[in-house]
Amino acid sequence: MIEQIRSSYFPTNLSEDVVVTAVSQQQFYAVTNQLYRHIFTPMGDLGLYQVPAPPDSWGRKLAGQIHAEYFVFHNAAGEPVGFSLGKVVNEQTFFMEWSGILPDYRRRGLYSHFLDALIPYLKALGLERITSNHMGNNRPVLIAKLKAGFIITGTTLDERHGMLVWLARFLEPER
Numbered sequence: 325m326i327e328q329i330r331s332s333y334f335p336t337n338l339s340e341d342v343v344v345t346a347v348s349q350q351q352f353y354a355v356t357n358q359l360y361r362h363i364f365t366p367m368g369d370l371g372l373y374q375v376p377a378p379p380d381s382w383g384r385k386l387a388g389q390i391h392a393e394y395f396v397f398h399n400a401a402g403e404p405v406g407f408s409l410g411k412v413v414n415e416q417t418f419f420m421e422w423s424g425i426l427p428d429y430r431r432r433g434l435y436s437h438f439l440d441a442l443i444p445y446l447k448a449l450g451l452e453r454i455t456s457n458h459m460g461n462n463r464p465v466l467i468a469k470l471k472a473g474f475i476i477t478g479t480t481l482d483e484r485h486g487m488l489v490w491l492a493r494f495l496e497p498e499r
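Note that our numbering has the sequence shown beginning at 325, numbered continuously upward.
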């Protein structure tokens, strides 16, 4: 059922030369392993705790039972240029956990166009809100989210990532 709903929204063009596609978990992590070092500053270079690879534990197995949506952005040559991962955390909420776009593809509206496709898809699933958190100094993402109708709902201090800004976007106007 979810696959049928998803196929009404994805794949979709984000620009003349970039398309976003829903992919499997395995395909998603193959792309993120390829792109990570080109998108993000290493945690150690930021003075942050470097999270070790998680062991094969019950916690990891249980976390894998949470419904996730995996997306990859490809250019016209079929090369991956970005990604986004989100999870349904309760009957109302989709948490946008992790997204990234290669520097050469930033500031082209790809993320905003992705949200334009993602939001109606999540509404079709019956979800009511989208949440995310971002490092407080990640101005480009914070600005993009605020322009897309997200509101700041709080801040936290995380031992792994420092100060985080929490955002929410309500999918129904009356909220």
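Beta carbons: idealized from backbone N, C-alpha and C, even for Gly.
For the alpha helix (DSSP H) containing residue i, name the first residue and the last one.
i	result
R329	The sequence given here places Ile at residue 329; Arg does not occur at that position. Looking at the DSSP string, the run of the alpha helix (DSSP H) that includes I329 is I326 to S331.
R463	R463 to K471
A448	L434 to A448
In its own chain, which residues sit with a C-beta less than 8 Å from the C-beta of residue i, not counting the 5 before and 5 after it?
i	result
V404	As written in the sequence, residue 404 is Pro, which differs from the Val given in the question. So the list reads V355, Q358, L359, V396, F397 and H398, once near-sequence residues are dropped.
Considering residue i, what are the terminal residues of the beta strand (DSSP E) in which it resides?
i	result
L481	I475 to D482
V413	Neither: V413 is in no beta strand (DSSP E) and is coded neither H nor E.
S456	R453 to M459
E498	Element bounds for E498: n/a, residue is neither H nor E.
E393	A392 to N399
Where residue i and residue j are concerned, what is the direct C-alpha to C-alpha distance, given to the nearest angstrom?
i	j	result
A448	F494	14 Å
F474	L466	9 Å
E327	N414	19 Å
Y394	K385	18 Å
A468	S381	36 Å
Y373	P366	10 Å
Could you check if residue i belongs to the surroundings of the ligand ZN, using beta carbon to heavy atom distance under 6 Å?
i	result
L495	The ligand ZN is not part of this structure, which contains no ligands at all.
Quick one: residues in its chain with C-beta nearer than 7 Å to the C-beta of residue i, no 5 flanking neighbours on either side, listed in chain order?
i	result
D482	L488
E340	none
Going by beta carbon distance, what residues of the same chain come within less than 6 Å of residue i, once the five residues before and after it are set aside?
i	result
A392	K411
H437	L338
L409	Y394, E421 and W422
Please state whether DSSP places residue i in a helix, a strand or coil.
i	result
P404	strand
Item to check | Those runs of the beta strand (DSSP E) which lie wholly inside the region 342 to 385 and span at least 3 residues | outcome: 342 to 347
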